[in-house]
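Q:
In this note's numbering, the protein residues as written are 1 to 544.
(1) For residue 372, which of 512, 459, 263, 282 has the nearest alpha-carbon?
(2) When the Cβ atoms of the stretch 416 to 436 are set against those of the stretch 448 to 467, are three or more pairs found closer than 8 Å?
(3) According to the Cβ coordinates, are residue 503 and residue 420 closer than 7 Å?
(4) Quickly, what does DSSP pair residue 413 with across the bridge? List them, please.
(5) Candidates 243, 257, 354, 459: which alpha carbon is nearest residue 345's?
(6) Report yes if the C-beta distance between residue 78 and residue 52 is below 7 Å; otherwise report no.
(7) DSSP three-state label for residue 229, please.
(8) Contact check, residue 403 vs residue 483 under 8 Å by CB: the rounded distance?
(9) Kindly indicate which three-state DSSP category residue 26 falls into: helix, strand or coil?
(10) Distance check for residue 351 and residue 383, CA to CA, integer angstroms please.
(11) With three or more beta-carbon pairs closer than 8 Å as the criterion, would you say the stretch 251 to 261 touches the stretch 288 to 296?
(12) Report the rounded CA-to-CA distance for residue 399 versus residue 411, giving the unit in angstroms.
(13) Measuring only the C-alpha atoms, how far is residue 321 from residue 28?
(14) List the endpoints of the continuous beta strand (DSSP E) containing residue 379.
(15) Measuring alpha carbon to alpha carbon, tell me which of 445, 103, 90 ends up nearest residue 66.
(16) Let me know the secondary structure DSSP gives residue 217 once reduced to three states.
(17) Would you check if the distance between the CB atom of residue 472 and the CB atom of residue 495 is smaller than 7 Å?
(18) Could you work out which residue in 96, 381, 100 is closest to residue 75 when comparing CA atoms only?
(19) Go through the stretch 19 to 89 residue by residue and report every complete run of the beta strand (DSSP E) that reaches 3 residues or more, in order.
(20) DSSP on residue 181, reduced to helix/strand/coil?
(21) When the Cα of residue 453 is compared with those of 339, 429, 476, which residue comes out closest?
(22) Return the chain-ordered ranges of every beta strand (DSSP E) run that is complete within the stretch 100 to 152 and spans a minimum of 3 residues.
(23) Could you compute how far the alpha carbon of residue 519 sits from the alpha carbon of residue 532?
(24) Got a sec? Which residues, its chain only, sit under 7 Å from residue 330 by beta carbon, not counting five neighbours each side?
(25) In angstroms, rounded to a whole number, what distance separates the CA positions of residue 439 and residue 158?
(26) According to DSSP, is residue 291 helix, strand or coil?
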């Protein structure tokens with residue numbers, strides 16, 4: 001029988017009380033909590049939960065994600081396997097479930113609701129209503145993931161409504177995804193059974209959805225950063241707010257996780273118990289998770305912090321097992337055989353040519369927004385040379401390309417502003433939602449070289465510059481590495497810095513690039529089928 005005791009100042013978030021106590025732990029559970037009058041310098045708290053994250057965006061398999069996350073006091077995630085599902089369907093979801101179970105960490109996966117996300121892009125798989133029904137019957141599938149097809153909800157699309165009905169049937173919550181939705185449309189969306197939204201980017205939007213009954217997830221990821229805009233909501237709605245990262249690259253995960261949001265919220269003057277309610281308690285109650293919350297008979301999931309200001313994590317425990325010690329992970333790496341779905345032949349620079357007449361042409365341009373998933377739709381006049389449209393680095397208007405990685409098809413091209421590259425190109429097979437290959441570059445030869453580097457490795461991120469191509473392979477579905485997470489963090493950081501040396505001023509160039517094919521976020525995006533107007537929800541032309 002595994003029995004031991006741990007003492008400290010216990011932070012009881014539910015009762016809003018801090019007192020000295022000793023936890024008596026037996027076989028992974030807290031069998032009793034004994035108050036005392038001792039003086040302790042350390043604090044015992046429930047572990048943190050990321051209330052919405054795509055593990056795949058860390059470029060790490062779940063077992064490696066866990067190794068990095070526990071160091072920061074994270075004991076659980078509410079994980080949407082939407083990315084790998086778009087590549088491999090239910091088989092991809094199964095891979096995530098099985099890999100996650102091999103380590104002491106509480107992954108809570110959902111049934112992906114929108115695979116493919118739209119009919120305006122090519123995905124690698126379909127997750128049907130029957131698939132959703134089968135997944136939701138499983139005890140290890142906790143919810144229906146973000147319902148991005150909000151027009152389908154509002155128009156009562158039969159397939160969309162059948163998926164929501166299946167979640168209700170098994171008494172599992174439905175996550176939302178409705179950026180900018182307001183008024184009657186927001187009300188109708190919520191009344192259909194949608195319980196959360198992590199896409200609010202203004203205080204007014206978050207407040208309206210809260211008042212309509214939603215839980216709001218405050219997101220701070222590698223690309224989308226909404227914390228500063230939304231954190232005032234926590235003052236008045238502590239039982240309806242959660243923290244999430246959504247998408248977090250490995251270098252950022254190595255630096256910190258939900259613990260960073262806790263510290264920032266406290267720095268905003270928000271009450272400690274309200275902050276911890278969002279970080280520890282609300283996800284457990286909303287998604288019916290089995291995380292312990294430092295109560296008798298709970299699972300022994302908790303963290304030890306040195307103080308309640310800096311939140312330096314001394315140790316992390318999951319089911320009574322210590323998994324992190326003073327910044328060092330105690331979870332071992334698990335060998336993994338990659339799974340993938342990648343059918344793509346190398347290309348030539350001619351495949352990226354955009355024919356045009358005259359000396360110049362006016363074009364529609366995607367304007368990327370640093371720290372946001374939304375884009376602006378602008379126009380520019382570009383030079384025509386030898387009968388083809390070219391990038392113009394003086395205007396910071398560069399060519400964007402998306403290549404179908406599931407079958408042979410013409411290359412889709414458009415133009416984008418804000419990447420800032422002065423030469424070369426970057427490419428990635430991480431391209432939400434369908435994960436075709438996406439690249440941005442200053443010339444066709446560089447674009448082709450960067451994309452061919454990804455194709456050669458059947459997935460990865462790459463950079464092409466001065467006739468040199470570097471690739472970080474992502475052999476698991478073209479989304480994740482099967483190597484040590486700390487190694488991938490350092491390698492990714494090298495690519496991030498290399499892109500910035502080419503001129504990019506974006507905080508996270510590869511993460512921003514990965515969202516330029518995300519059609520369900522306005523206003524202008526590029527899929528493998530062409531330039532897409534997110535407001536009209538229809539294709540549009542590159543040239544005006």
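Just so it is clear, CB atoms sit at the ideal spot from N, CA and C, and this is done for glycine as well.
A: Let me lay it out:
(1) Ranking 512, 459, 263, 282 by CA distance to the CA of residue 372 puts 512 first.
(2) yes
(3) yes
(4) 401
(5) 459
(6) Remark: C-beta atoms of residue 78 and residue 52 approach each other more closely than 7 Å.
(7) helix
(8) Contact flag wrong, Cβ pair sits at about 25 Å.
(9) Three-state DSSP puts residue 26 in a strand.
(10) 19 Å
(11) no
(12) 12 Å
(13) 7 Å
(14) For residue 379, the enclosing beta strand (DSSP E) begins and ends at 375 to 385.
(15) 103
(16) strand
(17) yes
(18) 100
(19) 29 to 35, 43 to 46, 48 to 53, 74 to 79
(20) Coil.
(21) Of 339, 429, 476, the residue nearest in Cα terms is 429.
(22) 106 to 111, 141 to 147
(23) 7 Å
(24) 322, 323, 324
(25) 36 Å
(26) When secondary structure is reduced to three states using DSSP, residue 291 falls in the coil class, being assigned neither helix nor strand.
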